[in-house]
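Sequential numbering of the sequence shown, starting at 406, is according to our numbering. In what follows, a single structure is set out as structure tokens and then discussed.
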Amino acid sequence: MSMSQNSLRVVWVYPDLLSTYGDQGNVLVLERRARQRRLDVQRVDIRSDQPIPTSGDIYLIGGGEDRPQRLAAERLRRDGGLNRAVANGAIVFSVCAGYQILGHEFINDLGQREQGLGLLDVISTRGEGERCVGDVLADIDEPLGLPPLTGFENHQGITHLGPTARPFARVRYGNGNGTGDGFEGAYNDTVFGTYMHGPVMARNPHISDMLIKLALDVNALPPVDDRWYEALRAERIAAATQSA
406 MSMSQNSLRV
416 VWVYPDLLST
426 YGDQGNVLVL
436 ERRARQRRLD
446 VQRVDIRSDQ
456 PIPTSGDIYL
466 IGGGEDRPQR
476 LAAERLRRDG
486 GLNRAVANGA
496 IVFSVCAGYQ
506 ILGHEFINDL
516 GQREQGLGLL
526 DVISTRGEGE
536 RCVGDVLADI
546 DEPLGLPPLT
556 GFENHQGITH
566 LGPTARPFAR
576 VRYGNGNGTG
586 DGFEGAYNDT
596 VFGTYMHGPV
606 MARNPHISDM
616 LIKLALDVNA
626 LPPVDDRWYE
636 ALRAERIAAA
646 TQSA
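Structure below.
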């Protein structure tokens with residue numbers, strides 16, 4: 406990656422297709438926390454009729470309904486820009502439908518297997534039981550060094566991890582990937598996926614900070630005022646434990 410230590414280019418992928426559940430909040434939180442560190446942030450919103458730039462530092466992808474998910478996957482495959490960006494070292498954080506798109510395949514709105522981008526070693530199918538809905542509390546994979554994950558899941562999909570994917574978190578309360586093994590989300594070196602809405606970065610601002618540190622290739626960031634975030638986290642963690 407070629408970026409200076411005081412600038413960051415954030416790309417919000419297909420907000421016209423994949424921004425159904427308030428996941429644009431992730432972009433707002435990431436942008437704000439970068440600016441609080443006096444970073445020069447360039448935010449680029451790329452609609453589905455525009456080419457994906459390969460010069461971004463962090464790419465964010467949200468959730469969406471089944472048909473927009475299929476359309477997004479088709480256009481991202483045809484475009485190829487996101488795969489090229491990752492090959493260049495870019496960081497990707499995806500949520501729900503976006504998470505499934507980054508895998509090898511998922512089930513589309515036509516009930517057919519749809520090819521994904523292959524950026525995560527996961528395969529998603531459609532569950533036959535009850536939909537996974539509700540607050541989640543999970544422990545983020547220890548090597549990432551982050552506090553517990555809180556979020557809201559709302560999905561019918563079931564995502565199975567392959568051998569090169571690590572679980573993003575392990576669930577205490579909730580369903581996560583829906584496989585029954587307690588895993589939630591997946592990641593490799595620079596590509597992350599989760600089912601957590603919320604938006605997840607408002608509930609877990611440390612995820613934003615992790616992505617910024619990865620993009621800047623630094624081990625620490627200047628502290629910022631986290632009182633609002635911590636109050637929200639405490640409220641939602643309590644909700645998850647009480648509803649379990």
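Quick reminder that beta carbons are idealized off the backbone N, C-alpha and C, glycines included.
Pairing D631 with R577, the inter-Cα distance amounts to about 24 Å. In this structure, DSSP gives T584 a state outside helix and strand, which the three-state scheme calls coil. Leaving aside the five residues that flank D484 on each side, the residues in its chain whose CB is nearer than 7 Å to its CB run, in chain order, P456, I457. The segment 509–523 and the segment 537–551 do not touch, with fewer than three beta-carbon pairs separated by less than 8 Å.
In this chain, the beta strand (DSSP E) harbouring T564 covers 562–566. Proximity of the segment 578–586 to the segment 469–489 falls short of the contact definition, fewer than three beta-carbon pairs being nearer than 8 Å. A contact is defined here as three or more CB-CB pairs under 8 Å, and the segment 461–474 meets this definition with respect to the segment 410–429. Secondary structure note for S424: it is in no beta strand (DSSP E), with a DSSP letter that is neither H nor E. Among the bridge pairs identified by DSSP, T555 is matched with L542. The three-state reading of DSSP puts T646 in helix, counting H, G and I together.
Look at E635 here: in three-state DSSP terms it is helix. Selection S499, D514, W633 evaluated against P420 yields S499 as nearest (Cα-Cα). Residue pairing of R518 in beta bridges, as defined by DSSP: I512.
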